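As structure tokens, the structure follows; a few thoughts come after it.
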Amino acid sequence: MIPRSPGSRRLSSFRVLSTSERSVQTFPPEHHSDIVRQRGGLIAVPARLKTSQSVRFPAVNDGISLRLTKLLLNVNIKSSLGPVHVVMLSENTVNDLIKAVIEIYVKEKRRPLLKETDPKLFQLHYSQFSLESLKPEEKLINLGSRNFFLCLKPSSSVTSCGSDKAKMASDSLFSFTKFIDFLL
Numbered sequence: 469m470i471p472r473s474p475g476s477r478r479l480s481s482f483r484v485l486s487t488s489e490r491s492v493q494t495f496p497p498e499h500h501s502d503i504v505r506q507r508g509g510l511i512a513v514p515a516r517l518k519t520s521q522s523v524r525f526p527a528v529n530d531g532i533s534l535r536l537t538k539l540l541l542n543v544n545i546k547s548s549l550g551p552v553h554v555v556m557l558s559e560n561t562v563n564d565l566i567k568a569v570i571e572i573y574v575k576e577k578r579r580p581l582l583k584e585t586d587p588k589l590f591q592l593h594y595s596q597f598s599l600e601s602l603k604p605e606e607k608l609i610n611l612g613s614r615n616f617f618l619c620l621k622p623s624s625s626v627t628s629c630g631s632d633k634a635k636m637a638s639d640s641l642f643s644f645t646k647f648i649d650f651l652l
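Under our numbering, the sequence shown has 481 at position 13, and the numbering climbs by one with no breaks.
What follows is the structure in structure tokens.
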């Protein structure tokens with residue numbers, strides 16, 4: 469006869485329930501309509517909080533038209549680490565969104581600090597790779613996206629600065645060639 473240890477006795481007495489047995493045990497009985505099955509177990513719901521199926525999910529033919537009233541928009545700002553989350557009415561325009569994003573960015577004291585806080589100096593794009601900016605008077609509901617990119621408008625001073633740099637580079641190149649001629 470083989471002696472058994474106490475631990476092996478426990479294992480033999482353990483019984484694994486089949487899936488059908490488990491579902492019978494965890495699902496509430498039909499006559500308890502105030503008990504709801506949830507992920508963590510069973511909970512009781514007061515009768516006044518229960519709603520009928522038609523109230524929660526209206527049928528299409530009820531004549532009720534569902535319309536978005538507010539939108540959650542994510543706007544990335546150039547050089548910023550994360551997007552600014554804004555909840556706005558769907559009737560607002562791109563200009564309103566730019567104003568709201570700049571206000572939130574400044575209020576939260578995000579880094580890097582903006583050099584300009586005038587909304588007229590900014591453009592809104594679909595992404596940082598999009599060359600075409602959105603029209604300022606366009607409604608948010610008509611844009612088709614909820615993620616945008618905000619950057620400064622290109623100014624004329626930037627182009628003149630770029631041409632000055634190009635002129636200075638060509639002057640230094642000209643003086644370098646003169647120096648080479650002098651050495652020869």
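In this text, a Cβ means the ideal position worked out from N, Cα and C, and glycines have one as well.
For clarity, every value in this text was computed on a predicted model and none was experimentally measured.
- Secondary structure note for K583: it is in no beta strand (DSSP E), with a DSSP letter that is neither H nor E.
- Counting of Cβ neighbours within 10 angstroms places N610 among the exposed residues, the total staying below 16.
- Collapsing the DSSP output to three states places L557 in a strand.
- Between E571 and H593, the alpha-carbon positions lie close to 18 Å from each other.
- The Cβ-Cβ distance between V569 and T585 does not fall below 7 Å.
- Residue range K538 to I545 is occupied by the beta strand (DSSP E) that includes K538.
- If you compare the alpha carbons of S601, S558 and R579 with that of L618, the shortest gap goes to S601.
- The beta carbons of P551 and N560 sit no closer together than 7 Å.
- In the three-state DSSP reduction, L620 falls in the strand class (E or B).
- L536 and P604 have their C-alpha atoms roughly 21 Å apart.
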